[in-house]
Amino acid sequence: MVKMHADEADTDPELVRRLVRGRFPQWADLPVERLASGGTVNAVYRLGEALTVRLPLTAGGVEDLEWEERWLPRLAPALPVTIPAVVGRGEPAEGYPWAWSVHRWIGGECPVEGRVAEPDLLARDLAAFVTALRKFDADGGPAAYRGVPLATVDASTRAAIEELRHTDEPFDAAAATDAWERSLAAPPWTGTPCWVHSDLMPSNLLTSGGRLTGVIDFATAGVGDPACDLIVAWNLLPASARETFRDAVDVDEATWARGRGWALSMALGQLPYYRNTNPVISANARHVIREIRGDTRP
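Below is the structure:
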């Protein structure tokens, strides 16, 4: 596995075996296998048939563990698909510097952009998840990572455009800037803040038979502008199913435009950072940039 971050911790199956043996001896004899993943925050290992071990790659991922323990059990009953369940937490040991967690295994496969088997069905499933999450009681909820005004990431988005301009990527900076500015011009959210996942990347979705069966990695979830949960319309769904999703989530044109802006901003930031280290994320970023360039609807 290629390191994605300068301060990333080293992990391997043998480390996981030692950590599990020391903290959860009842699982010490279970096989351990690293899972291929487009994730950027945790190294994920399958532990036996029913569990996964998640080790934060950097110190920044450690605070997510407390978030998960507090909020996942509350959210799970309100959502139409399976989400992670924490079954144990480990402490620093064996040379690994941070806390880590054990989750229940959730079956399914991550969908891939351009290869969605049942696009309209998946669009409706995604809309049902987003809508159910929006209805969850927002009182006392934490602030979502991307629940803020789109203008908050204007400077970083323009910096990413400039960075890509000077790479060997086949990239149209003028078109990207125009698309970004059109989204940025959309009126900001003035409604009541609601719950959002805010990172509905394909690698955080699980499907079976073309239908959505699970959503994982809630570290960025919280309360804010619902626009950020529309990113899946461009990072996964084909144009033919985009309208199905849009109709089902029932958002106004301004929110849709901000959602497109979030999808573009994320892709523009991900591509230069991960293009040599994470082929799943960088391929998806290129896909989003192409899709948004061809999306001329308001």
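In the working numbering, the protein residues as written are 7 to 304.
Even glycine gets a Cβ: it sits at the ideal position worked out from N, Cα and C.
Source: prediction; values computed, not measured.
Under a Cβ-count criterion, where at least 16 other Cβ atoms within 10 Å of its own Cβ denotes burial, should H172 be classed as buried or exposed? exposed
Examine the Cβ distances between the stretch 98–107 and the stretch 156–173 and report whether three or more of them are shorter than 8 Å. no
Closest residue to G215 among L127, S43, D70, G54 (Cα-Cα distance): L127
Looking at G265 and A233, is the spacing between their C-beta atoms short of 7 Å? yes
Whose CA, out of D184, A185, W201, lies closest to the CA of L81? W201
Which residue spans inside the stretch 197–256 form an unbroken alpha helix (DSSP H) run of at least 4? 238–241, 245–255
Limits of the alpha helix (DSSP H) - the one that S288 falls within: Counting along the chain, S288 sits inside the alpha helix (DSSP H) bounded by residues 285–299.
Taking R217 as the reference, give the member of S271, T88, D223 with the closest Cα. T88
Who are the Cβ neighbours of V159 in its own chain at under 6 Å, not counting the five residues just before and after it? S271
Residues near V238 by beta carbon distance below 7 Å, same chain, minus five either side: L132, L206
Quick one: what's got a C-beta closer than 6 Å to Q276's C-beta in the same chain, skipping five residues either side? I287, A291
Looking at the secondary structure, which residues open and close the beta strand (DSSP E) in which R40 lies? 38–40
Hey, R24 and E100: beta-carbon distance below 7 Å or not? For R24 and E100, yes; Cβs fall inside 7 Å.
Taking the continuous beta strand (DSSP E) assigned at L57, which residues delimit it? 57–62
According to DSSP, is A192 part of a helix, a strand, or is it coil? coil
Same chain, Cβ closer than 6 Å to A273, neighbours up to 5 away in sequence not counted: A291, V294, I295
Within 7 Å, strictly: CB atoms of T226 and Y280: No, Cβ-Cβ distance for T226 and Y280 is not below 7 Å.
Please state whether DSSP places W111 in a helix, a strand or coil. coil
Could you tell me whether the Cβ atoms of T250 and V8 are closer together than 7 Å? no
A192 classed as buried or exposed, judged by whether at least 16 other C-beta atoms fall within 10 angstroms: buried
Could you check what DSSP says for G147 in three-state terms: helix, strand or coil? coil
Sort V93, E14, T46 by Cα distance to F30 and report the nearest one. V93
Less than 7 Å between the beta carbons of E14 and T64, yes or no? yes
How about G147 and V229: are their beta carbons less than 7 Å apart? yes
Those residues which DSSP pairs with W106 across a bridge: G96
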